[in-house]
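For the sequence shown, UniProt numbering assigns the number 1 to the initial residue and increments by one for each residue that follows.
Report on the following structure.
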Amino acid sequence: MAHYRAAGSIPPKRHTQHRAPDGSLYREELMGEEGFSSDSSLLYHAGVPSSLVDVRAWELPDQSTTPNQPLLPRHLKLHDLFPGDGWRSLDAVTGRRLVLGNGDVRISYAVVGKTSPLYRNAVGDECVFVEAGTAVVETVFGDLTVGPGDYVLLPRSTTHRWVPTGDGPLRLYAIEANGHIGPPKRYLSKFGQFLEHSPYCERDLRPPTEPRVVEETDVEVYLKHRGDGPGGLAGTVHVVPQHPFDVVGWDGCLYPYAFNVADFEPITGRVHQPPPVHQVFEGSGFVICNFVPRKVDYHPLSIPVPYYHSNVDSDEIMFYVDGDYEARKGSGIGKGSISVHPGGHSHGPQPSAIEGSLGVEYFDELAVMVDTFRPLALGEGGTASDDGAYAWSWSGRGPRG
């Protein structure tokens with residue numbers, strides 16, 4: 001995040017004394033990326049941010065994966081993962097179920113109704129898409145009020161928690177990187193400003209509120225970090241003597257923010273546009289795109305649905321959020337579905353969808369796509385939600401049937 005912000009109380013010059021009204025010294029913390037060589041922020045704490053009084057292991061939600069072998073396109077029905085009202089006792093950190101993952105990115109799904117513990121992902125940035133429900137994401141930088149269609153970008157090691165605020169379930173689609181997530185570089189100037197051809201800009205990003213000091217002692221913080229568990233991950237709970245939300249002010253270019261998919265301005269053309277025009281974020285080894293309601297191709301002989309294509313370099317993961325997805329009509333895919341189109345398999349619209357799209361001028365659809373450049377394996381949530389039939393939807397018959 002290359003856009004400077006300042007919030008709360010900070011001294012006139014960095015790395016100089018900043019004192020409380022009682023004369024005590026605030027503690028300055030640098031939170032920065034790439035070893036002091038990239039974006040950072042300076043936070044001023046009332047307490048000592050390094051203090052610990054206890055520690056214990058945290059058993060992470062199941063992070064094991066199974067290779068997609070034999071290689072198949074798949075339909076994962078995420079809404080089947082959380083039946084009934086069991087969501088009421090789940091939270092957005094410990095209640096996640098891993099759907100897909102590789103060495104660059106993990107995709108999880110959660111349906112929750114309870115406040116999460118304080119949480120810090122020390123492995124990479126998180127981009128969490130709010131499918132349904134409302135929440136306040138409380139962070140060490142301040143709060144974000146979020147709802148349906150919001151992306152919540154949380155920089156690596158940002159201490160935060162999710163507080164659901166509605167009566168219904170909070171549905172979250174979590175994309176966790178092993179590095180950083182940000183706007184595509186082609187949207188940005190060399191100084192980090194959004195360029196004119198970008199489908200969104202600085203005005204569309206919602207920063208956190210002013211920070212606030214919480215007076216609590218002996219507070220638990222759940223930490224996900226690198227280790228020797230499945231996926232090279234491990235969990236630890238740190239008990240700290242003072243609440244981490246003790247920041248009186250901060251400034252810099254590294255902080256959490258929210259962006260609503262309704263503020264993404266789609267790029268269209270006379271004939272079908274390729275998926276990169278729908279890109280919204282990127283990370284190391286993957287990109288994130290969104291397909292939003294939009295006018296479609298206006299050439300008199302255009303075919304609005306996509307042509308068949310082979311993703312020779314990537315796996316394509318589409319999460320269907322809302323609307324009527326034209327290319328998948330007749331496949332069984334609906335709201336809450338994921339389609340997995342792995343590299344090595346040519347995919348495209350269902351056969352009947354091609355003729356059915358001719359003459360259509362508008363697509364009413366909302367989907368979030370993740371394309372990875374290394375193969376994705378199935379997490380336990382992916383295996384549990386696989387419909388077992390999608391691979392045969394183009395031919396209309398099962399194996400050798």
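Glycine is no exception: its CB is placed at the ideal position from the N, C-alpha and C atoms.
Nothing here was measured: the structure is a model prediction, and the numbers come from that model.
| Asked | Found |
| --- | --- |
| Let's test the definition: count the other Cβ atoms within 10 Å of the Cβ of glutamate 126 and tell me whether it reaches 16, buried, or not, exposed. | buried |
| Using a Cβ-Cβ cut-off of 8 Å (strictly less than) and excluding sequence neighbours within five positions of proline 208, which residues of its own chain qualify? | Ala7, Thr139, Phe141, Gly142, Asp143, Leu144, Tyr255, Pro256 and Tyr257 |
| Give me whichever residues DSSP pairs with aspartate 150 in a beta bridge. | Asn260 |
| On the three-state DSSP scale, how would you describe residue 418? | Past the edges of the chain, shown from 1 to 401, lies residue 418, and the structure says nothing about it. |
| With distances taken Cα to Cα, identify the nearest neighbour of leucine 90 among Gly113, Asp324, Leu100 and Gly227. | Gly113 |
| If we count Cβ pairs, one from each stretch, closer than 8 Å, do we get three or more for the segment 37 to 49 versus the segment 352 to 367? | no |
| Is it buried or exposed, arginine 14, if we count other Cβ atoms within 10 angstroms and call 16 or more buried? | exposed |
| Indicate the three-state DSSP secondary structure (helix, strand or coil) for aspartate 228 in the structure shown. | coil |
| Tell whether a beta-carbon distance below 8 Å holds between residue 439 and cysteine 289. | This structure gives no information on residue 439, because the portion of the chain shown stretches from 1 to 401. |
| In the structure shown, what three-state DSSP assignment does histidine 238 receive? | strand |
| State the beta-bridge partners of lysine 295 as determined by DSSP. | Tyr362 |
| With 16 other CB atoms within 10 Å as the buried threshold, where does glutamine 193 fall? | exposed |
| Give me the DSSP bridge partner(s) of tryptophan 250. | Ala7 and Leu43 |
| Could you round the C-beta distance between valine 214 and valine 240 to whole angstroms and report it? I think they count as a contact, below 8 Å. | Their Cβ separation, rounded to whole angstroms, is 12 Å, which puts valine 214 and valine 240 out of contact at 8 Å. |
| Rounded to whole angstroms, what is the Cα-Cα separation between aspartate 39 and serine 189? | 15 Å |
| Taking all protein chains shown into account, decide if arginine 397 is buried (16 or more other Cβ within 10 angstroms of its Cβ) or exposed. | exposed |
| Who does alanine 353 pair with in a DSSP beta bridge? | Its beta-bridge partners do not exist; DSSP assigns none. |
| Can you tell me which of the three DSSP states glycine 86 falls into? | helix |
| Span of the alpha helix (DSSP H) holding alanine 384? | 380 to 385 |
| For glutamate 216 and phenylalanine 245, I'd like the C-alpha separation in whole angstroms. | 9 Å |
| Between alanine 57 and threonine 236, is the Cβ-Cβ spacing less than 8 Å? | yes |
| How many whole angstroms separate the CB atoms of glycine 103 and glycine 179, which I take to be in contact at a CB cut-off of 8 Å? | About 11 Å; that fails the 8 Å criterion. |
| Keeping to the same chain, check which residues put their C-beta closer than 7 Å to that of residue 453; ignore five residues upstream and five downstream. | Here the chain has residues from 1 to 401 only, and residue 453 is not among them. |
| Smallest Cα separation from proline 117: which of Leu98, Gly101, Val137 and Val99? | Val137 |
| In angstroms with no decimal places, state the Cα-to-Cα distance between serine 357 and phenylalanine 191. | 42 Å |
| Would you kindly report the start and end of the unbroken beta strand (DSSP E) that includes proline 275? | Taken as a continuous stretch (DSSP letters only), proline 275 belongs to no beta strand (DSSP E), as it is neither H nor E. |
| Using beta-carbon positions only, say whether valine 340 and tyrosine 173 come within less than 8 Å of one another. | no |
| Quick check on the DSSP output: the beta strand (DSSP E) that includes phenylalanine 281 runs from which residue to which? | 279 to 283 |
| Alpha carbon to alpha carbon, how far is tryptophan 250 from glycine 47? Give it in angstroms, no decimals. | 14 Å |
| Would you call the segment 70 to 77 in contact with the segment 265 to 272, where contact means no fewer than 3 C-beta pairs closer than 8 Å? | no |
| Return the residue from the list Pro155, Arg156, Thr158 and Trp162 that minimises the CA-CA distance to glycine 147. | Trp162 |
| By Cβ distance below 7 Å, which residues in the same chain neighbour alanine 384 in space, the five residues on each side in sequence not counted? | Leu81 |
| Suppose you measure from the CA of alanine 135 to the CA of proline 164; what does that come to, to the nearest Å? | 4 Å |
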